[in-house]
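Chemist: Below you'll find the structure I mean.
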Amino acid sequence: MLADGRLDVGVGRLQGGATGIAAEVFRMDPLGVLVPSDHPYAYLPHVPISSLRGETLLLSDEEQAPEFNAFVAEVCRSAGFFPTLFPGSVQTLRAAVDLVAQGRCVLCTPASTDGWPSDVVWRPLDSQVPRYPWSILWRTADPSRQTLDVVATARRLAVDQGWRGTEIAS
């Protein structure tokens, strides 16, 4: 939508260069796993990525977040496996949480999506897992004042909250 002019600014991950689109990382977000509150991982301070080998993993809808799915798949491949995928997808994060709460799958998700109901628990993956890079994206051709304000706000938040450092502020 950015490339065809339907959107002025967005948040996501841009892999490779896209003509006419600028991208700037403003948050390096720890990746974790969302599990039912009675799952064995719920009691761990960190979940080893290799332990996901035996889990059914729900990925995001491919049309909504292909870059995030690719990131999660690469993290798993780097640990020596490709995850068993939940058959199908969901359109909302709320629907994904419901599947997790039912014990049908687990969900990899960044820390910034915290704030779950009590029937699910988010646990960070172990420290060698790379953080997910959130970028502010905008069209470079004649950006509006409002677009530049959003970019400036993302930059300011990155500094104020320490989002690009090793610790994520709450």
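Just so we're aligned: 26 in the UniProt record's numbering is position 26 of the sequence shown, and the numbers increase by one with no gaps anywhere. We treat Cβ as the ideally placed atom computed from N, Cα and C, and that holds for glycine. Remember, predicted model here, so these are calculated numbers, not experimental data.
Compare the beta carbon distance of residue 154 and residue 136 with 7 Å and say whether it is the shorter of the two.
Modeler: Locating residue 154 in the sequence shown gives position 154, where the first residue counts as 1. Locating residue 136 in the sequence shown gives position 136, where the first residue counts as 1. Yes, these two residues count as a Cβ contact at 7 Å.
Chemist: Quick one: using the 10 Å Cβ neighbour count with 16 as the cut-off for buried, is residue 27 buried or exposed?
Modeler: Locating residue 27 in the sequence shown gives position 27, where the first residue counts as 1. Answer is buried; the Cβ neighbour count reaches 16.
Chemist: Okay, do the stretch 20–37 and the stretch 82–91 touch, 3+ Cβ pairs below 8 Å being the bar?
Modeler: As far as the Cβ criterion goes, the stretch 20–37 does not touch the stretch 82–91, which means the pair count is below three.
Chemist: Less than 6 Å between C-beta atoms, sequence neighbours within five positions excluded: which residues of the same chain meet that for residue 64?
Modeler: What you label residue 64 is simply residue 64 of the sequence shown in a count that begins at 1. None.
Chemist: Indicate whether residue 124 and residue 32 have their beta-carbon atoms separated by less than 7 Å.
Modeler: Here the question's residue 124 lines up with position 124 in the sequence shown. Here the question's residue 32 lines up with position 32 in the sequence shown. Cβ distance < 7 Å, so residue 124 and residue 32 count as in contact.
Chemist: Look at residue 139 and residue 20 and say whether their C-beta atoms are less than 7 Å apart.
Modeler: The count along the sequence shown starts at 1 and reaches residue 139 at position 139. The count along the sequence shown starts at 1 and reaches residue 20 at position 20. Closer than 7 Å, so yes.
Chemist: Please report the straight-line C-alpha distance between residue 164 and residue 115, rounded to a whole angstrom.
Modeler: As a first step, residue 164 is located in the sequence shown; it is residue number 164 there, counting from the start. As a first step, residue 115 is located in the sequence shown; it is residue number 115 there, counting from the start. Each residue's Cα considered, the two are about 21 Å apart.
Chemist: By how many angstroms is the C-alpha of residue 141 removed from the C-alpha of residue 52?
Modeler: Mapped onto the sequence shown, residue 52 falls at position 52. Mapped onto the sequence shown, residue 141 falls at position 141. Taking the straight line from one Cα to the other gives about 43 Å.
Chemist: Give the single residue among 71, 97 and 50 whose Cα lies nearest to the Cα of residue 131.
Modeler: Taking the first residue of the sequence shown as 1, we reach residue 131 at position 131. Taking only the C-alpha atoms, the option nearest residue 131 is 71.
Chemist: List the endpoints of the continuous beta strand (DSSP E) containing residue 109.
Modeler: For the purposes of this step, residue 109 is taken as residue 109 along the sequence shown, with counting starting at 1. Start and end: 106–110.
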